[in-house]
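In the working numbering, the protein residues as written are 16 to 396. Every residue gets a Cβ at the ideal spot worked out from N, C-alpha and C, and that includes glycine. Each remark here refers to the structure printed beneath this line.
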Ligand code: GMT
């Protein structure tokens, strides 16, 4: 198949899923065309089946904000025509779904079906903002296919948008051959020179991730034992988190690495992963950590309980309950065998439920299904 994929090319989970999906599809013989304003951060440009097409962010003195939705729609149409795309798959409804809808209209009477994958805040935070709700609902309803990354998000979409059309749940995935625990003594020695246990967090540091709670949890752990916290990512809460680490007197033990490549190599060095978010529709970073045999302490919100089994491969606490989270962390880190056992189970469960080898065929089957119904709808007209 010739598949166009659009997502945010930055560090957010939805962009990561879009990119990893494109990579997996290319590895299975499909031609994949990424259409977005910058090359996706994890894109493997050396794969001959992967192509990138830049949608311009056009500036003009009249525009305070560039109408990217429109230039993206035009680029989608252009790629469809030039590369004979079979299907477009957009990740994150706003504004990608609207651009795809416009591209499909401009392509008519030629057929350009599109699928929208809902990721979370496009439904729960941004999409339900009254300024966007009607158009988000409309573009979801108009999509030829819609998928949701968790059962939780499906329920929310029905509840908040009153959507009646079918939505397929296709969970996020991890490539279990690439995400493996590979100890790197050099890296560990760099982060934890005295062999301290390593806690890790990875996100876009937006308020919804509650990274200040990660610092609070760590400060409580440090009261009881030596440890290091590795913070990967960047975003609006980085400075407040750095300030809090200073206030709590743990700044020497918290390493802010900023945005990083080679995430899988880094995750595999951790003893514990923290995901204290206010809300997660899935929690992709937790899944990637689990595949690397890292147990996770996360919040019991959204789709997270679909990923982590409390007391088996990690622990779930209520948002803001840093005390309980710290208790679990101290317990796990002071009994390394328990941590290893949980980490081992985390990988087993990640493989069982979210392995790319099982999830990618779900997308392929869904593409076939959507294409078949788009053809039959056209034949019936
Ligand atoms: O977290 C966000 O702000 C948006 C979005 C993103 O682009 O990172 O994250 C969502 O999609 C991820 C990938 O499907 C999920 O793992 C995250 O749980 C989800 N975030 C929220 O629901 C807050």
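Close beta carbons around residue i, own chain, < 6 Å, minus the five adjacent residues each side
{"i": "residue 188", "result": "369, 371 and 374"}
{"i": "residue 235", "result": "341"}
{"i": "residue 275", "result": "247"}
{"i": "residue 190", "result": "371"}
{"i": "residue 33", "result": "20, 22 and 106"}
{"i": "residue 83", "result": "72"}
{"i": "residue 165", "result": "296, 297, 318 and 321"}
{"i": "residue 39", "result": "371 and 375"}
According to DSSP, residues forming a beta bridge with residue i
{"i": "residue 243", "result": "213"}
{"i": "residue 370", "result": "189"}
{"i": "residue 130", "result": "104 and 160"}
{"i": "residue 359", "result": "In the DSSP output, where bridge partners are listed per residue, residue 359 has none listed."}
{"i": "residue 233", "result": "BP columns for residue 233 are empty, so no partner."}
{"i": "residue 69", "result": "51"}
{"i": "residue 330", "result": "312"}
{"i": "residue 218", "result": "248"}
{"i": "residue 21", "result": "105"}
{"i": "residue 46", "result": "17"}
{"i": "residue 264", "result": "Per DSSP, none; premise fails for residue 264."}
{"i": "residue 324", "result": "Partner(s): none; residue 324 has no beta bridge."}
{"i": "residue 290", "result": "313"}
{"i": "residue 269", "result": "244"}
{"i": "residue 408", "result": "A query on residue 408 cannot be resolved here, the shown segment of the chain reaching from 16 to 396 and no further."}
{"i": "residue 184", "result": "163"}
Cut-off 8 Å between Cβ atoms - residues of its own chain near residue i, not counting five sequence neighbours on either side
{"i": "residue 37", "result": "18, 20, 47, 49, 55, 58 and 65"}
{"i": "residue 74", "result": "81"}
{"i": "residue 98", "result": "17, 19, 46, 48 and 66"}
{"i": "residue 122", "result": "92, 95 and 96"}
{"i": "residue 309", "result": "196, 215, 282, 283, 285, 286, 287, 288, 358 and 361"}
{"i": "residue 265", "result": "230, 233, 234, 237 and 244"}
{"i": "residue 60", "result": "54 and 67"}
{"i": "residue 385", "result": "102, 128, 130, 159 and 160"}
{"i": "residue 345", "result": "235, 236, 239 and 240"}
{"i": "residue 85", "result": "114 and 117"}
Residue from the options with nearest C-alpha to residue i
{"i": "residue 363", "options": "392, 194 and 137", "result": "194"}
{"i": "residue 52", "options": "22, 257 and 347", "result": "22"}
{"i": "residue 197", "options": "283, 103, 247 and 291", "result": "283"}
{"i": "residue 4", "options": "206, 294, 224 and 347", "result": "Here the chain has residues from 16 to 396 only, and residue 4 is not among them."}
{"i": "residue 255", "options": "247, 242 and 230", "result": "230"}
{"i": "residue 199", "options": "235, 29, 253 and 281", "result": "281"}
{"i": "residue 204", "options": "389, 228, 245 and 337", "result": "245"}
{"i": "residue 167", "options": "319, 278, 264 and 273", "result": "319"}
{"i": "residue 208", "options": "261, 239, 153 and 267", "result": "267"}
{"i": "residue 347", "options": "277, 291, 242 and 384", "result": "242"}
{"i": "residue 90", "options": "70, 129 and 83", "result": "70"}
{"i": "residue 43", "options": "388, 376, 390 and 389", "result": "376"}
{"i": "residue 391", "options": "135, 202 and 159", "result": "159"}
{"i": "residue 153", "options": "339, 112 and 263", "result": "112"}
{"i": "residue 148", "options": "133, 120 and 175", "result": "175"}
{"i": "residue 104", "options": "165, 387 and 133", "result": "133"}
{"i": "residue 278", "options": "351, 202, 365 and 339", "result": "202"}
Inter-residue CB distance, residue i and residue j (contact presumed, cutoff 8 Å)
{"i": "residue 87", "j": "residue 127", "result": "The Cβ separation is near 14 Å, so there is no contact."}
{"i": "residue 296", "j": "residue 177", "result": "Rounded, the Cβ-Cβ distance is 19 Å, inconsistent with contact."}
{"i": "residue 271", "j": "residue 253", "result": "7 Å"}
{"i": "residue 221", "j": "residue 251", "result": "6 Å"}
Test item: CB-CB of residue i and residue j under 7 Å
{"i": "residue 329", "j": "residue 311", "result": "yes"}
{"i": "residue 213", "j": "residue 313", "result": "no"}
{"i": "residue 137", "j": "residue 173", "result": "no"}
{"i": "residue 306", "j": "residue 288", "result": "no"}
{"i": "residue 301", "j": "residue 322", "result": "yes"}
{"i": "residue 382", "j": "residue 155", "result": "no"}
{"i": "residue 260", "j": "residue 269", "result": "yes"}
{"i": "residue 131", "j": "residue 142", "result": "no"}
{"i": "residue 317", "j": "residue 294", "result": "yes"}
{"i": "residue 116", "j": "residue 171", "result": "no"}
Proximal residues to residue i (C-beta, below 7 Å), its chain only, five neighbours per side dropped
{"i": "residue 218", "result": "224, 226, 248 and 300"}
{"i": "residue 31", "result": "57 and 299"}
{"i": "residue 169", "result": "163, 182 and 184"}
{"i": "residue 335", "result": "228"}
{"i": "residue 378", "result": "36 and 185"}
{"i": "residue 29", "result": "22, 23, 106, 107 and 134"}
{"i": "residue 389", "result": "126, 128 and 159"}
{"i": "residue 211", "result": "241, 242 and 243"}
{"i": "residue 324", "result": "364"}
Proximity test, residue i beta-carbon vs ligand 3 heavy atom, cut-off 6 Å
{"i": "residue 182", "result": "As for ligand 3, it is missing from this structure, which binds only ligand 1."}
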